[in-house]
Every structure is written in C-alpha cells, then in structure tokens.
Amino acid sequence: MSKYSMHLLVCGGTGCKSQESDIIAEKLKNELLKQGLEETVQVIMTGCFGFCEKGPILKVMPDNTFYTQVKPEDAEEIVEEHVIKGRRVERLLYTDPETEAHVEDSKHMGFYKKQLRIALRNCGVIDPEIIDEYIARDGYSALGEVLANQTPEETIELMKASGLRGRGGAGFPAGLKWDFARKNEADQKYVVCNADEGDPGAFMDRSILEGDPHSVLEAMAIVGRCIGADMGYIYIRAEYPLAIARLKTAIGQARKYGLLGKDILGSDFNFDVDLKYGAGAFVCGEETALIHSMEGERGEPSLKPPFPAESGYMGKPTNVNNVETLANVPVIILKGAEWFSSIGTDTSKGTKVFALAGKINNVGLIEVPMGTTLREVIFEIGGGIKDGKKFKAVQTGGPSGGCLTEKHLDMPISYENLVANGSMMGSGGMIVLDEDDCMVSIAKFYLEFTVEESCGKCAPCRIGNKRLLELLERICEGKGEESDLVRLRNLGEVIKDTSLCGLGQSSPNPVLSTMDNFYDEYLAHVVDKKCPSGVCTDLLEYFIVEENCIGCTACARACPVGCISGERKEPHLINPDTCIKCGACMEKCKFDAVILK
Amino acid sequence: MSKIKSLADLKKIRDEKVSGLQTRERGEDAENLVQIKVAMATCGIASGAKETMEFIAEALEKRGVDAIVTQVGCMGYCYAEPTIEVKLPGSESVVFGGVNIEKADEIIEKYIKGGELVDGIIPVNYETID
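Line by line, the protein sequences give chains A and B. Heads up: the first sequence runs through residues 11 to 607, numbered per the numbering used here. Heads up: the second sequence runs through residues 90 to 219, numbered per the numbering used here.
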C-alpha cells in the first residue's frame, strides 16, 4: 500500500543538525529528483538517534543500513550506489571499535545494546490495564514456577546467586534480605513494596507501576512465598494517582484470575496485596519511617537494629523492597541466576533504570547494564547537552548523592564506584548540569530540600542541616568568608557521622562533593564575591552596554531609586552603590543594553 | 474471567494470547490490522496523550481504517511526549514523538493510509529482553 519502497532517515537531532544534516537531507532529495526517484524513495528527518558522537546519522530502511558521519557531499554517492545499484557505501558504515569490521545492519551495532530493558521490559509494550497482555509476556509464570517446582529456600538461593541488589539506594543484596525475613519465625509476616519515590527529578518507580503493575504484584507474591507471608502492602505516594488507579485495576484482575487470594494456582499458598498511601514525605522512603507511617504513626525513622526483618510492620517480620528491585524478580526466576549475573560488573549485577533530566537533549527514562559509563549515558543515549553547551557535572542519587564531573565520565557505573567518588546510586535520578549552573546554588537547592524534609527527630539533621543551609545562603548573598568554607566541611562531616537515618547521613553529600570538585567556585563566591556562572543574583550587578544604549531614558524613568544617570540621547550609567537590583531597568530597555554581570 | 487453577492453565492463556487466538475469537485478525500504541503514563497524559488517543480512535473509525488502538506505559521518551507506536501490517513498527492532534491527523493520512513517513520519528535505541 506504500508508494515508497525505500526510506532514507536523516537524523534531525540537535547534534546532527549542527553538522548540516538538514543540508544532507536537501541534497539527497535533489539527487533523487535528478534520478527521477522522488516518487519511490522518501527522505525524512527523524528525532535523535542518540549516537551523536558519530553524527550525522543516516539510516536506510527497509534494509537497516546505518551510515555514520555522513557529509553533504556524500549524498550523490549514496543515491547512486545504494539507492540505485543496491550496494552499500562501505566507507560510511559504522566500524565496530572492537572487531574493526564494518557493521551493515544497525541491529548488530553495539550501540543498540547500550540500553537493555529488564525492569522496563513491558513498559510501553503492554496495556497495563489488561492482565492477559502481561500473561502473554510470560507474566505470572515465575510465580507458577516458584509454587510448583521450587522450595522457598531454593528460590532464595537463586536470588542470592543472581546478585540482585536493592535498587532503592543502598544496594543491599535482595536474596539475603529475604533470607533474614524467612529465618525469623512468627505467626504473621509482611511483604512491603516501597513506592515512596521522593528524589526531585526521579520517576523510575512511577513509570514501572504505571506501565507494568503486574510485575510488582507477581514479585511480591514470590517474596511472600519465600519468607512465609500471606499479606503484602504497597506504600505509595498519594500524589501518584495514575499509578494507584492502575495498581488497583491490576490487583482486581489478579484476584479474579486467582493469582492473588487463596490457594494460588492450585497450591496451598495464600497471598493478597493492598495499598497504603503516603503523604509525600521524603523521609518515609527510609524503611523504618515507612513502616511507622503505615502503622499510622509519625513518619520518623527508628534505630536499627531491630531491622524490619525481625520487627517491622505491626512488630512482625517484614521484608521491604523497592519497586524496581521487585520488577527484576520474575525475570530472574524465569531466566535464571546465571543469566542475570552475566550482566553488569563484578559486584553490581543486572541493569539500572535512570531518569535523565536537566540540561540534556533526550530527557527520558533509560535502562542500562551496570558498568555502562556516564559518558555513554549522557552523550550517546542522552544525546548530549542542550544547546551545545559545555557539560559541567551530573548529580546522581538526588539530595543524598553528589555531583560527578568531567573526570568521572569514563567511570563504569556501579554501587561501589559511585560511592568511592562521593556520590551514590540512590534510586536513579540523574540530573545533568551545564556551564550555566552554579554549583553553590545547586548544593543550596538540595539542602533546602533536605531541611524541608528532615523529620526533626535527631539533632544533627534537624539543626545541623539548617545551619549548613544558612552558611550556603550567606555565601550566595556575598556575605560569606573564607572561614565559612572550613565550617561547611566540618559541619557536613559531623552531620554525616552522627545522624540517625540515611537522610541525615547523606544530606551533606551535595555540599561536600561540590566542594571537592568545584572549590574554586566556592572561593569565587567568598573571596571575589562573584558568581562565575552568573546565577546568584546578589553577586551580580546591572550594567548598561554603552554601544547598545541610545539614551532613550526609559530605564532612568523606571528606576525606583534614581540610580541611573545620563543625558538624553547619550549612553546611561548605573550607580552600583545605590542600585537595589530590582531589574526594572532591564525589563524596560528595548535595546538589550542592560545586562547582568 | 474465571480463576486460573494451575500453571498449565496459565500457560494455556499465554499461548492463546501470543498466537492471537483471543483476538481472532473476537473477530479480529491482529496480523492484518494497523496496531497503534499510545504511551499513557502520567508524563504522556500531561502532554496531551489522552486527547491524542481519543482523536486517533475516533478518526480511524470515521475514516474506515481497521485498527487496534491500545494504551501502554511510558516508552521513555519524555522529551517527545505524546509518543505513539504504529505498526502497519507486514512492516516494522515506527515510533513517532510530539504527536498532538494535528500530527496524529498527518500520521493517519500520510503514513497509515499512504505508507509515507512523516517527520517526528523517534529512532528506537534499546533492546528489550524477550
């Protein structure tokens, strides 16, 4: 039914466009016209392939040929050789860096293996509100397998062997956690799914629950079977209404099919799941605080031990796992521990989902094998920095993590590597910063968040973080002194060492890691009273650019303190001593003569 | 919806679904239909995926195109919501980004009816396990 038999897809992403990909498309169209092929071959601009490093990219369909670093002058050859004679232009094919062989078909390019979807395997593929679609993708087969053919001990051994670690932040081995809960004898045990995703800019768990809710339900039932629990709760933020609605639908369908309830799949195993809503406090992502909140108490953490595996929800042994951790479980059971442990690094197995945000071209949800480098994530999958700006840092682990810089770009992502470099895996938020971001302001932003979210139970976190924030505010206002930097570091270390829970123990990380990596920016703020990135308004001054000013007097009339002087039709001048930095002059100026510096 | 009593029952449902038996019983033949998936996670809906999906379903019916339109979760292309995946019979599926009503109309008229690609294709750059 198509009138076109061939399509030439030219990348129209920012990176390729800056290398004349639109001219390439134009030239291809002209060549086709010359050859009278405009009716059978279509040239089309696409979104970013993500492979900007080797751009501009040209993909030929339907034969899947992937050309890299194409230049406008190659258009003629491509049309003559490939389109007309059906011969690939060898020199433009992608060369595999390992085998040094030309890769003809894009499906065999290593690049496409950069992203591997395990936890997100069904997201964007199945209708999350139809259980049959999940079953068609082997859904609930893992539960069936566990019930029919494995003892709980065998399943736990399998999980241990797979090397799956908690995806919520700390990275505790999942199988070991289950084993603890199993070994604690009790008349009642609970399975809890931690869906209290609270990092700014993180949406991995929400996407899994919205796109594939059954995978989490199935995994919870498997955990229940392993530890000897017949009840599970999903602790989810009330501000995730769609995820809640889809979970409710999924629970209803699973109950109707008998996949939740009594005597599941003809076994003697009973398990049901219900939802508990959180009010959105960040600290409730910490498992003891989460359990208190579930019980109707204040969402405050308590000292461990006792761990939830001994005394959790209602004082009973409880196993808490994060959404993404659970989403991995059914696949591991079906494909085996060996398969899973073959992916990733020595100590970090499998894949990790990241929410890419900030100054990056392809903001989105990605899943990569552990061991992938930050460079691959940011520049090959994320498509690089917006507007061609310079990469400055990437914040991983949210308010508990730290920033990683240029020198960390080639570091393989693993739990250990991130911690060794002053950050952490966290739940998987990745916020990319460019040259326009002020690192002191970024640290201040995260501190504002933790001060707001501190539950107030322990003094180091409640008082310490507040003082830390005040120091940062002073620095950003230009009132900081060099001695403040020493105070920042000392106080940060003390808060880390003495706080009760993970929130306080990690809250100074953004400050400490930005100080480690961008000490000169801190110095510029306290010594020169300047913000090199031009972000901290208190450190900026309004200037009038002489060449642009035509002397219309609009700014002088708008100035509420009369600090702008100058004759009509002559360039004006702002007196920085009396200027209150209200910005009225800048708004009024029609000639871009007023700037902030 | 009756209860599934054993692992064998579960596998039966899976096989029926995979082989398209279920759709065929409903009088549809998935292989020969246009299949459209609309990414309907919070991010997609906030960008207008709901309107897009309603428009596509209505427009296809009015214009006499036999199609299955389903909602799915997040495809991961937050920078290009709403996103849809279109699979024409006998060809590979194509993902389009930034599909507002205007774009949806163009996709139906040009791609679905005429097989002519339109701007806004998002190249898929990941592997999914089977």
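Beta carbons are placed, not taken as given, at the ideal position from N, Cα and C, and that holds for glycine. Bear in mind that the values here come from a model prediction, so they are computed numbers and not experimental data.
For residue i, does the count of other Cβ atoms within 10 angstroms reach 16, so buried, or fall short, so exposed?
{"i": "A:Ile-261", "result": "buried"}
{"i": "A:Gly-572", "result": "exposed"}
{"i": "A:Tyr-529", "result": "exposed"}
{"i": "A:Phe-181", "result": "Phe is not the amino acid found at residue 181 of chain A; the sequence shown has Gly there. Its Cβ being crowded by 16 or more others within 10 Å, A:Gly-181 is buried."}
{"i": "A:Arg-247", "result": "buried"}
{"i": "A:Asn-558", "result": "exposed"}
{"i": "B:Ala-156", "result": "buried"}
{"i": "A:Arg-567", "result": "exposed"}
{"i": "A:Ser-424", "result": "buried"}
{"i": "A:Lys-578", "result": "Checking the displayed sequence, the identity of residue 578 of chain A turns out to be Arg instead of Lys. A:Arg-578 is exposed by the Cβ-count criterion."}
{"i": "A:Val-404", "result": "buried"}
{"i": "A:Ile-473", "result": "exposed"}
{"i": "B:Val-127", "result": "buried"}
{"i": "A:Met-324", "result": "exposed"}
{"i": "B:Asn-214", "result": "buried"}
{"i": "A:His-112", "result": "exposed"}
{"i": "A:Asp-189", "result": "buried"}
{"i": "A:Glu-597", "result": "exposed"}
To the nearest angstrom, how far is the alpha carbon of residue i from that of residue j?
{"i": "A:Gly-407", "j": "A:Ala-534", "result": "27 Å"}
{"i": "A:Gly-392", "j": "A:Leu-366", "result": "7 Å"}
{"i": "A:Met-11", "j": "B:Ser-180", "result": "Unreliable placement is indicated for A:Met-11, whose pLDDT of 43 sits below 50; the coordinate value is still reported in the next sentence. Distance between the alpha carbons of A:Met-11 and B:Ser-180: 11 Å."}
{"i": "A:Gly-488", "j": "B:Thr-172", "result": "46 Å"}
{"i": "A:Lys-539", "j": "A:Cys-546", "result": "10 Å"}
{"i": "B:Asp-104", "j": "A:Asp-73", "result": "31 Å"}
{"i": "A:Glu-551", "j": "A:Leu-606", "result": "6 Å"}
{"i": "A:Gly-360", "j": "A:Pro-422", "result": "13 Å"}
{"i": "A:Met-55", "j": "A:Ser-31", "result": "9 Å"}
{"i": "B:Asp-194", "j": "B:Leu-149", "result": "10 Å"}
{"i": "A:Leu-510", "j": "A:Gly-368", "result": "31 Å"}
{"i": "A:Met-435", "j": "A:Pro-409", "result": "11 Å"}
{"i": "A:Cys-595", "j": "A:Glu-580", "result": "16 Å"}
{"i": "A:Trp-349", "j": "A:Gly-173", "result": "11 Å"}
{"i": "B:Lys-202", "j": "A:Val-333", "result": "41 Å"}
{"i": "A:Val-504", "j": "A:Phe-455", "result": "20 Å"}
{"i": "B:Ser-209", "j": "A:Leu-285", "result": "One detail in the question is off: residue 209 of chain B reads as Gly in this sequence, not Ser. Approximately 39 Å between the Cα atoms of the pair."}
{"i": "B:Ala-146", "j": "A:Ile-452", "result": "45 Å"}
{"i": "A:Gly-381", "j": "A:Gly-185", "result": "21 Å"}
{"i": "A:Ser-437", "j": "A:Gly-179", "result": "5 Å"}
{"i": "A:Arg-131", "j": "A:Leu-18", "result": "29 Å"}
{"i": "A:Thr-357", "j": "A:Gly-411", "result": "20 Å"}
{"i": "A:Val-135", "j": "A:Asp-278", "result": "33 Å"}
{"i": "A:Glu-46", "j": "A:Met-16", "result": "According to the sequence displayed, residue 46 of chain A carries Gly and not Glu. Distance between the alpha carbons of A:Gly-46 and A:Met-16 is about 14 Å."}
{"i": "A:Leu-126", "j": "A:Leu-375", "result": "12 Å"}
For residue i, which option in the options has the closest C-alpha, if you only look at C-alpha atoms?
{"i": "A:Leu-102", "options": "A:Gly-438, A:Ile-94 and A:Ala-85", "result": "A:Ala-85"}
{"i": "B:Val-107", "options": "A:Arg-127, A:Gln-52, A:Met-214 and A:Glu-143", "result": "A:Glu-143"}
{"i": "A:Val-201", "options": "A:Ile-140, A:Val-156, A:Met-304 and A:Glu-164", "result": "A:Met-304"}
{"i": "A:Asn-258", "options": "A:Glu-597, A:Ile-34 and A:His-224", "result": "In the sequence as displayed, the identity of residue 258 of chain A is Lys instead of Asn. Taking only the C-alpha atoms, the option nearest A:Lys-258 is A:His-224."}
{"i": "A:Cys-26", "options": "A:Thr-328, A:Gly-398 and A:Val-442", "result": "A:Gly-398"}
{"i": "A:Tyr-250", "options": "A:Gly-208, A:Asp-273, A:Lys-272 and A:Asp-197", "result": "A:Gly-208"}
{"i": "A:Lys-591", "options": "A:Phe-553, A:Gln-263 and A:Ile-560", "result": "A:Phe-553"}
{"i": "B:Gly-204", "options": "A:Leu-157, A:Lys-454 and A:Gln-52", "result": "A:Gln-52"}
{"i": "A:Thr-652", "options": "A:Lys-314, A:Thr-460, A:Lys-64 and A:Leu-38", "result": "This structure leaves residue 652 of chain A out entirely; chain A is present only between 11 and 607."}
{"i": "A:Pro-340", "options": "A:Ile-145, A:Asp-240 and A:His-112", "result": "A:Ile-145"}
{"i": "A:Ile-274", "options": "A:Asn-40, A:Ser-151, A:Ser-15 and A:Leu-43", "result": "A:Ser-151"}
{"i": "A:Ala-469", "options": "A:Gln-160, A:Leu-126, A:Ala-564 and A:Gln-515", "result": "A:Gln-515"}
{"i": "B:Leu-99", "options": "A:Thr-50, A:Thr-109, A:Lys-81 and A:Leu-157", "result": "A:Leu-157"}
{"i": "A:Ala-171", "options": "A:Thr-161, A:Pro-183 and A:Ala-291", "result": "A:Pro-183"}
{"i": "A:Gln-29", "options": "A:Gln-79, A:Glu-36 and A:Met-241", "result": "A:Gln-79"}
{"i": "A:Ala-603", "options": "A:Gly-288, A:Gly-23, A:Ala-564 and A:Asn-40", "result": "A:Ala-564"}
{"i": "A:Ala-212", "options": "A:Asn-371, A:Glu-90, A:Val-93 and A:Phe-292", "result": "A:Phe-292"}
{"i": "A:Arg-177", "options": "A:Asp-526, A:Thr-161, A:Leu-168 and A:Asn-204", "result": "A:Asn-204"}
Sort out for me which residues DSSP pairs residue i with in a bridge.
{"i": "A:Ala-247", "result": "The sequence as given places Arg at residue 247 of chain A; Ala does not occur at that position. Paired residues: A:Gly-288."}
{"i": "B:Glu-181", "result": "B:Glu-181 is not bridged to any residue."}
{"i": "B:Glu-205", "result": "Per DSSP, none; premise fails for B:Glu-205."}
Taking 7 Å as the cut-off, is the beta-carbon of residue i closer than that to any non-hydrogen atom of the ligand GDP?
{"i": "A:Tyr-323", "result": "With respect to the ligand GDP, the structure shown offers nothing to examine, as it has no ligands at all."}
Counting only runs that start and end within the region 123-177 of chain B, where is the beta strand (DSSP E) found for 3 or more residues in a row? Correct list: 123-128, 156-161 and 173-176.
As an exercise, report each continuous alpha helix (DSSP H) stretch of at least 4 residues that is fully enclosed by the region 180-243 of chain A, in chain order. Fully enclosed alpha helix (DSSP H) runs of 4 or longer: 184-193, 214-221 and 223-237.
Could you give the uninterrupted runs of the beta strand (DSSP E) lying entirely in the region 402-450 of chain A, keeping only those of 3 residues or more? Those beta strand (DSSP E) runs which fall completely within the region 402-450 of chain A and span 3+ residues are 412-415 and 439-444.
Every unbroken beta strand (DSSP E) inside the region 522-557 of chain A [3 residues or more]: With a minimum length of 3 residues, the continuous beta strand (DSSP E) runs that stay inside the region 522-557 of chain A are 552-554.
Which runs of the beta strand (DSSP E), 3 residues or longer, sit entirely within the region 69-130 of chain A? The beta strand (DSSP E) runs lying completely inside the region 69-130 of chain A and spanning 3 residues or more are 75-77, given in chain order.
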